[in-house]
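Below is one structure, written out as structure tokens; comments come after it.
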Amino acid sequence: MGQRNAEKASLLYRFLDESSFYQTRVAVNARSFMNVPFYLPDDRLYEPFLRGAQDRSLLSLKGHKAVGGLRASLYNAMPIEGVRALLAWMTEFEKEQA
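Per numbering that gives the first Met the number 0, the sequence shown starts with residue 0, numbered consecutively.
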């Protein structure tokens, strides 16, 4: 289970680290395998991002109310296909905003 969770988190963090659109503010040595926070370049983009995510059955991505942004929860029940679906939506959304 730990190896599977590390793989899911690695996919998402790698995507975020390579992106010039999305960002994560978590230091590499402090990253969680369970909750991955990330941010968009403009606050006006959160609502359309979340709406599109919901249309794709990608739920509960709204970040913590104290820090904002977005948060992907990669708990044990989340299959790797769910992470891949999120990455596909993130790629599509970024292209729409370019």
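Glycine residues also receive a C-beta, built at the ideal position from the N, C-alpha and C atoms. Since the structure is predicted, the reported quantities are computational estimates derived from the model, not experimental observations.
Asked                                                                                                                                      : Found
Is L58 buried or exposed, if buried means 16 or more other CB atoms sit within 10 Å of its CB?                                             : exposed
Tell whether a beta-carbon distance below 8 Å holds between W88 and G62.                                                                   : no
With a 10 Å radius around its C-beta and 16 neighbouring C-beta atoms as the bar for buried, classify P36 as buried or exposed.            : buried
What whole-angstrom Cβ distance do R55 and A84 have, given they're in contact under 8 Å?                                                   : 7 Å
Below 8 Å on the Cβ atoms is my contact criterion, and I expect E93 with F20 to pass it. Report the Cβ-Cβ distance as a whole number of Å. : 4 Å
Per DSSP, what kind of secondary structure is K61 in: helix, strand or coil?                                                               : strand
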